[in-house]
Amino acid sequence: MSESFRLRAEEALLPSIVALLIALILGDVLILMFGESPAHVYSRMIEGAWGNPYGFAQVLYKTTTLTFAGLGIALALRAGLFNIGAEGQLAAGAFGAAIVGISLPAGTPGLVAVPLCLLGAAAGGLLTGGLPGVLKAKFGAHEVIVTIMLNFVVLALLNWLIVERLRTADTLHTPEINAGAVPRLSEFIPAFHGSAANVTFFFAIAAAIWCWWYLFRTPGGYALRATGLQPDAAEYSGIRVGRVWIKAMALGGMLAALGGTNFVLGYKHYYEDGFTGGSGFLAIAVAIVGRNHPFGVVIAAFFFATLSQGGLAIHALVPKQMVEVLQGIVILAMAAAVPEVQRALRSARKVVAA
Amino acid sequence: MSAHPIRMAGIDKSFGPVRANRAASLDVAPGEIHALVGENGAGKSTLMKILGGLVEPDAGTVEVNGRDVTGWSTSDAIANGVGVVHQHFMLVPTLTVAENVVLGNEPRRGMLFDRTRALTDVNALIQKTGLVVPADRRVSELSVGEAQRVEILKTLYRGAKILILDEPTAVLSPPDVRELWTVLRKLRDDGGTIVLITHRLDEVIDISDTITVMRAGATVGRMTTSETTPAEIAKAMVGRDVALSVPGRETISGPGATADRPSSAAGALLLEVRDLSVSDSRRIRVVDGVTFSIRAGEVLGIAGVEGNGQTEIVEAIAGLRDIAAGSVVVSGHDVTRATVKDRRAAGIAHVPEDRHRRGLILEYSIAENLVLGAQDEFSKRGSLDGARIDAHAREQIAKFDVRPSTPAPAARTLSGGNQQKVVIAREMGRSFTVLLAAQPTRGVDVGAIEFIHRQIREARDAGKAILLVSAELNEVLALADTVAVMYRGKFAVTMPASDATPEVLGPYMTGGNSRDAA
Numbered sequence: 003m004s005e006s007f008r009l010r011a012e013e014a015l016l017p018s019i020v021a022l023l024i025a026l027i028l029g030d031v032l033i034l035m036f037g038e039s040p041a042h043v044y045s046r047m048i049e050g051a052w053g054n055p056y057g058f059a060q061v062l063y064k065t066t067t068l069t070f071a072g073l074g075i076a077l078a079l080r081a082g083l084f085n086i087g088a089e090g091q092l093a094a095g096a097f098g099a100a101i102v103g104i105s106l107p108a109g110t111p112g113l114v115a116v117p118l119c120l121l122g123a124a125a126g127g128l129l130t131g132g133l134p135g136v137l138k139a140k141f142g143a144h145e146v147i148v149t150i151m152l153n154f155v156v157l158a159l160l161n162w163l164i165v166e167r168l169r170t171a172d173t174l175h176t177p178e179i180n181a182g183a184v185p186r187l188s189e190f191i192p193a194f195h196g197s198a199a200n201v202t203f204f205f206a207i208a209a210a211i212w213c214w215w216y217l218f219r220t221p222g223g224y225a226l227r228a229t230g231l232q233p234d235a236a237e238y239s240g241i242r243v244g245r246v247w248i249k250a251m252a253l254g255g256m257l258a259a260l261g262g263t264n265f266v267l268g269y270k271h272y273y274e275d276g277f278t279g280g281s282g283f284l285a286i287a288v289a290i291v292g293r294n295h296p297f298g299v300v301i302a303a304f305f306f307a308t309l310s311q312g313g314l315a316i317h318a319l320v321p322k323q324m325v326e327v328l329q330g331i332v333i334l335a336m337a338a339a340v341p342e343v344q345r346a347l348r349s350a351r352k353v354v355a356a
Numbered sequence: 037m038s039a040h041p042i043r044m045a046g047i048d049k050s051f052g053p054v055r056a057n058r059a060a061s062l063d064v065a066p067g068e069i070h071a072l073v074g075e076n077g078a079g080k081s082t083l084m085k086i087l088g089g090l091v092e093p094d095a096g097t098v099e100v101n102g103r104d105v106t107g108w109s110t111s112d113a114i115a116n117g118v119g120v121v122h123q124h125f126m127l128v129p130t131l132t133v134a135e136n137v138v139l140g141n142e143p144r145r146g147m148l149f150d151r152t153r154a155l156t157d158v159n160a161l162i163q164k165t166g167l168v169v170p171a172d173r174r175v176s177e178l179s180v181g182e183a184q185r186v187e188i189l190k191t192l193y194r195g196a197k198i199l200i201l202d203e204p205t206a207v208l209s210p211p212d213v214r215e216l217w218t219v220l221r222k223l224r225d226d227g228g229t230i231v232l233i234t235h236r237l238d239e240v241i242d243i244s245d246t247i248t249v250m251r252a253g254a255t256v257g258r259m260t261t262s263e264t265t266p267a268e269i270a271k272a273m274v275g276r277d278v279a280l281s282v283p284g285r286e287t288i289s290g291p292g293a294t295a296d297r298p299s300s301a302a303g304a305l306l307l308e309v310r311d312l313s314v315s316d317s318r319r320i321r322v323v324d325g326v327t328f329s330i331r332a333g334e335v336l337g338i339a340g341v342e343g344n345g346q347t348e349i350v351e352a353i354a355g356l357r358d359i360a361a362g363s364v365v366v367s368g369h370d371v372t373r374a375t376v377k378d379r380r381a382a383g384i385a386h387v388p389e390d391r392h393r394r395g396l397i398l399e400y401s402i403a404e405n406l407v408l409g410a411q412d413e414f415s416k417r418g419s420l421d422g423a424r425i426d427a428h429a430r431e432q433i434a435k436f437d438v439r440p441s442t443p444a445p446a447a448r449t450l451s452g453g454n455q456q457k458v459v460i461a462r463e464m465g466r467s468f469t470v471l472l473a474a475q476p477t478r479g480v481d482v483g484a485i486e487f488i489h490r491q492i493r494e495a496r497d498a499g500k501a502i503l504l505v506s507a508e509l510n511e512v513l514a515l516a517d518t519v520a521v522m523y524r525g526k527f528a529v530t531m532p533a534s535d536a537t538p539e540v541l542g543p544y545m546t547g548g549n550s551r552d553a554a
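Here's what the structure looks like:
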């Protein structure tokens, strides 16, 4: 029993670890090409990300968005669907939260306002995630194409709404919300002063725990994973595959959308055009490196957030694109490592068993 | 040209745990039409893929025209005149017939595609071969028969002298089939060599000169068509290995069992199927107006060569395929349009023919697989009830003798027989009235076969209605009360099992008697 657990853990973790090692080595080569010492650059990165309270808090801020978006992608992937729409879903969620926050009267107590804003965000995700799900289930439209294209539609639509309807003069953002703002972590830990990290970080952790519970402890999650693993067997057992697809995309969209509250409720208190900055795409890597496991997603989000924050500290040494290249290498290495490592593990186990 | 065009010997090929070919051989003489027959999954297609260069063999040798070409590539194969016409067309629908035929070897004028020459070349080829198709028509506007002629033309245009046709008649109407035979004979008489993959014996007798029979990945017979009979070929195709011994039906029920059994006639009608028709994705009727009913305590066995609609009839009753016409009634409830879940609630249990695709979630544990479809019932306040799932698993594992006898291992890690026992335990371990058992003992060991047969008999004795579909004629004869033979989507014959013998049923399985019947 514990033996099988160990094997399963090995199988789940090893590809990620191997991928990170490959990325590390290739990163070394790149750094050497710029005439710098890899040890120096990496220690600066770690220093910038974890070595001071502000940097660490910024890592937590970035982890929050990536966790939500990564969970949204991972949940859909568990149902066998590739949700590339997290970028648009993040924006739609942020916008939904902002609209609710702006509509509420000032002075609405947080206990009422925050849940309402979260609902507003979720509604944005329900629309942008649910629609591709419905199109997939009813017409067989491929979710990758639909979610990619929907990103453009959503971002353009929101841009139009901001410019034409909701803009505060001379900016590209909505007015500030009247209610629904959540405290920054610096209110509890003064050393985090100046960082955008806020209470939505705990929402993200709660979302990950909920995801884990849903996927692995409920009949709905059982049906969802069965659909992702073997749609024909799921159909055979009476699971309505189309409905599971719609549900997985809707839930995934909602989870990703909640990531938008990190910015709107916790940081700026308004929706700003272009705030996502590609987090929704980076979250695809988060989901993959996290092996579609909710807790893996949290860890991977923390890792990519560290990379991104640490990258700011090494601009003086290497070009700032270095971090993006490193991210790219991790993703490629991951893609290469997963099947390879697993196959190796399986054949090794066969040898042991024989 | 004394060397044999094709000589394959000792071919082994495995795909993961599946051994598609085991020491298979094929020997084709010059200028003959050679039929390669066997049931679905007998390894015919794999053998031809190896010949065509799509797949590399694990062991064995392939010789073409006397030259060892083992493990060559598809382009080598084409360059050396071996052409494969696949069962599923590989044509560009928006291009014309002529364009499709020359695709990959387009005639050029300078740097440009020479459309006029393509058309004249292809028309000349059509003239020569008798494969009549309008060369300037778009492929999307053609009938299936015409599209197939384009596939053959394409292969011939590339200079194929050895033509392999993979189940060419599956999509053709009878007149199209006759026309194809004419063309193939002409190609043979012009010096071509033809290998025809099929599992329809009437066709084999009609067209071939020599026959190679495959079963379970191995070559089990080679005969001259003029010296054999359909019955003999059928026996080689579906004949049972000596390893499997099914006790006769009189001995199996045990002392007194026959007397205790409720008489079939008295049992209530539990499954009624009327005029059931099912179409496949190509809109071909694969089940064509089948009517039958099964009473409590009765086993209806459907025999027949695989691919004659058995899969589709079971899946249509289970709710996995759209029913084009007709009705399905379970215990008086019409479930023709019901969901899979509702059909299960109405009393249908289903042992699917492919446990790896449908029957099991391979990555799920034994315990999780045992509640597949019933996951909602095994939950408490929104959460799966782990303790109950575990207890249920332990109980079923003991009752159905699943090994390893713990709930945790993934279904993927079990042997075929134990995987099937998990499926059987899930489907027969709950309450049901109608059992659909499709190939229930496929790929399982002798012990598991005995066990599964006993379960089916006990279910019958407990008053269930059972629809058994099996490619193993002996299995059908051993278990069924009534036997039907399916041929080309219809029941060619239905008779009490007491009257049925392999000799009586054989001709129906190969379509021999169906024409008189229809």
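Top to bottom, those sequences are chains A and B.
Every number in the numbering used here is 2 more than the matching position in the first sequence, counting from 1.
Every number in the numbering used here is 36 more than the matching position in the second sequence, counting from 1.
For each residue, glycine too, the CB sits at the ideal point set by N, CA and C.
Being a predicted model, the structure only gives us computed values, none of them experimental.
Expected contact under 8 angstroms - CB spacing of residue i and residue j to nearest Å
i	j	result
A78/A	M256/A	Going by Cβ atoms, the distance from A78/A to M256/A rounds to 11 angstroms, so no, they are not a contact pair.
G268/A	N180/A	Contact doesn't hold; Cβ gap of about 16 angstroms is too wide.
V320/A	E38/A	6 angstroms
V470/B	L305/B	Not quite, the Cβ-Cβ distance comes to about 11 angstroms (not below 8 angstroms), so this is no contact.
A358/A	M47/A	For chain A, the structure presents residues 3 to 356; residue 358/A sits outside this window and is missing.
V332/A	L32/A	At roughly 13 angstroms, the Cβ-Cβ gap does not stay under 8 angstroms, so V332/A and L32/A are not in contact.
Element boundaries [alpha helix (DSSP H), containing residue i]
i	result
E389/B	Neither: E389/B is in no alpha helix (DSSP H) and is coded neither H nor E.
D238/B	237-243
L168/A	From DSSP, L168/A is part of no alpha helix (DSSP H); its letter is neither H nor E.
T82/B	80-88
S105/A	88-105
P55/A	55-80
CB contact below 8 angstroms: residue i versus chain B
i	result
G244/A	no
A171/A	no
L231/A	yes
R219/A	yes
S239/A	yes
A235/A	yes
Range covered by the beta strand (DSSP E) that runs through residue i
i	result
K49/B	42-51
E566/B	Residue 566/B cannot be examined here, being either before or after the span of chain B that is shown, 37 to 554.
R219/A	First-last for R219/A: 202-219, but that is the alpha helix (DSSP H), not the beta strand (DSSP E).
K270/A	Careful: K270/A lies outside any beta strand (DSSP E) and carries neither H nor E.
P40/A	Run containing P40/A: none in the beta strand (DSSP E); it sits in the alpha helix (DSSP H), 40-52.
Y523/B	518-523
G325/B	321-331
N57/B	54-64
Exposure of residue i, with buried meaning 16 or more beta-carbon neighbours within 10 Å
i	result
A339/B	buried
R417/B	exposed
W247/A	buried
F204/A	exposed
N57/B	buried
E274/A	buried
Test: residue i CB closer than 8 angstroms to a CB of chain A
i	result
K377/B	yes
L569/B	With chain B covering 37 to 554 only, the question about residue 569/B has no answer from this structure.
S367/B	no
G547/B	no
Legend entry - Stretch pair the region 45-65 of chain A + the region 220-239 of chain A: three plus CB contacts closer than 8 angstroms: no
Inset, instruction - Check whether the region 509-526 of chain B touches the region 313-326 of chain B, counting contact only when three or more Cβ pairs, one atom from each stretch, lie closer than 8 angstroms. - result: yes
Inset, instruction - State whether the region 486-502 of chain B contacts the region 527-535 of chain B, with contact taken as three or more CB pairs (one from each stretch) at a distance under 8 angstroms. - result: no
Inset, instruction - Decide if the region 229-237 of chain B is in contact with the region 65-83 of chain B; the criterion is three or more beta carbon pairs, one per stretch, under 8 angstroms apart. - result: yes
Inset, instruction - Mind the definition here: the region 350-362 of chain B touches the region 328-336 of chain B only if three or more C-beta pairs lie below 8 angstroms; say whether that holds. - result: no
Inset, instruction - Assess, as a yes-or-no matter, whether the region 163-172 of chain A is touched by the region 277-289 of chain A under the definition of 3 or more beta carbon pairs within less than 8 angstroms. - result: no
Inset, instruction - Pair every Cβ in the region 380-396 of chain B with every Cβ in the region 185-198 of chain A, then say whether three or more of these pairs are closer than 8 angstroms. - result: no
Legend entry - the region 204-224 of chain A contacting the region 373-381 of chain B, beta-carbon criterion three pairs below 8 angstroms: Not touching, per the Cβ criterion.
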